[in-house]
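Each residue of the sequence shown is one higher than the last, beginning at 1 in full-length UniProt numbering. For glycine and all other residues, C-beta sits at the position ideal for the given N, C-alpha and C. A short worksheet on the structure shown next.
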Amino acid sequence: MIYINSKLFNLQMILQFALLLLFYFFPFGPITQVLLAGILLCTIGIPHGANDHLYRKEQNWWGMLKFLALYLGIIAAYALLWYFIPLAALLIFFMVSFHHFGQSNFENEHVKYIPSILWGVILLAFPVVLHLEEALFIFKAMIGKGNFNEFIYDTSPLSLTNWQIATLLLLGAAYLISIYIYQKQHFFKYCLQLVLVTLWYLFTPLLFGFIVVFCLWHALQSTQHQVIFYTQHYQKLKRDFFIAMLPFSFISLAGFGFYLYFFDFNIGQAFILLSLITLPHVIVMHRLYGA
């Protein structure tokens with residue numbers, strides 16, 4: 001099944017349009033933003049990577065042990081890089097995320113697929129460009145150059161400068177040109193998707209807006225692709241997939257809850273934790289899309 005032609009894509013478009021209308025006419029306050037973001041992260045965002053172990057080559061306990069050793073080893077090595085060379089770790093996080101976010105939208109197996117790269121850049125760059133000062137504070141906190149730790153819930157209209165408008169237009173135009181070249185038959189759908197996501201970023205605060213896009217426009221289609229692969233490749237039921245998702249989802253959520261309970265929440269640290277589980281997940285998913 002091609003994602004762009006799936007029922008899920010149409011559902012995502014409807015949900016995004018509905019959220020835009022709700023947010024435009026009834027701006028969400030801090031409590032609503034936190035609740036919605038938290039629900040999406042706990043039900044979609046975090047669990048969507050909980051089944052990486054299902055796709056290991058050796059489907060036995062020894063294979064499971066080897067998979068976990070490699071998976072945790074990658075996390076440990078990346079954590080050391082964050083500790084000793086944080087700027088390099090941050091740049092890797094950017095590059096990996098560009099590829100991963102774009103790949104889930106196009107289901108491509110090649111790293112150099114231009115529409116995929118540009119879409120990944122857009123999903124991450126647009127909110128940064130629109131909220132540059134706040135984003136830079138977060139990036140500095142991630143590399144140990146600041147202690148910014150403030151949630152900004154402001155929903156007032158943005159006043160854009162010329163360079164911001166030019167950057168958004170250039171990235172958007174480059175993406176649409178690539179779509180016309182590589183995915184001409186689906187140009188209208190991808191164009192409408194870009195418009196809806198851009199409008200969402202324009203109306204929403206940085207963190208809330210990004211969390212919704214992460215869950216709605218990445219985690220959902222990634223989960224759908226995993227379900228299709230799992231049921232077809234292993235001849236399993238969809239129910240089996242979601243049951244298998246529960247243990248590691250609970251472990252991840254419990255670990256995050258442990259962090260929140262025993263440590264003061266820090267935005268920079270939270271993104272570092274996200275990056276640690278993202279890197280091995282991206283490697284697994286890249287192999288999955290290739291298969």
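- Exclusion of the five residues before and after R56 leaves G63, M64, K66 and F67 as the residues of its chain whose Cβ lies within less than 8 angstroms of its Cβ.
- Here the alpha carbons of L196 and Y24 stand approximately 13 angstroms from one another.
- For N10, the enclosing alpha helix (DSSP H) covers residues K7 to F25.
- Bounds of the alpha helix (DSSP H) holding Y230 are L220 to H233.
- Ranked by Cα distance from M285, the options S222, D264, F242 and Q235 are led by S222.
- Three or more Cβ pairs closer than 8 angstroms define a contact, and the stretch 205-220 falls short of that threshold against the stretch 185-192.
- Collapsing the DSSP output to three states places E134 in a helix.
- In this structure E134 is buried. Its beta-carbon is surrounded by 16 or more other beta-carbon atoms within 10 angstroms.
- The residue from P30, W217, L130 and L87 with its alpha-carbon nearest to that of F17 is W217.
- Contact holds between the stretch 257-269 and the stretch 140-160, because three or more Cβ pairs, one in each stretch, are under 8 angstroms apart.
- The beta carbon of S116 sits closer than 6 angstroms to those of G102, Q103, F106 and N108, all from its chain and outside the five residues before and after it, given in chain order.
- Shown here, Q183 sits in coil according to DSSP, grouped into three states, outside any helix or strand.
- Between V213 and V96, the CB-CB gap reaches or exceeds 8 angstroms.
- Nearest C-alpha to Q226 among I179, G290 and L20: G290.
- In this structure V111 is exposed. Its beta-carbon is surrounded by fewer than 16 other beta-carbon atoms within 10 angstroms.
- DSSP, read as helix, strand or coil, puts Y261 in helix.
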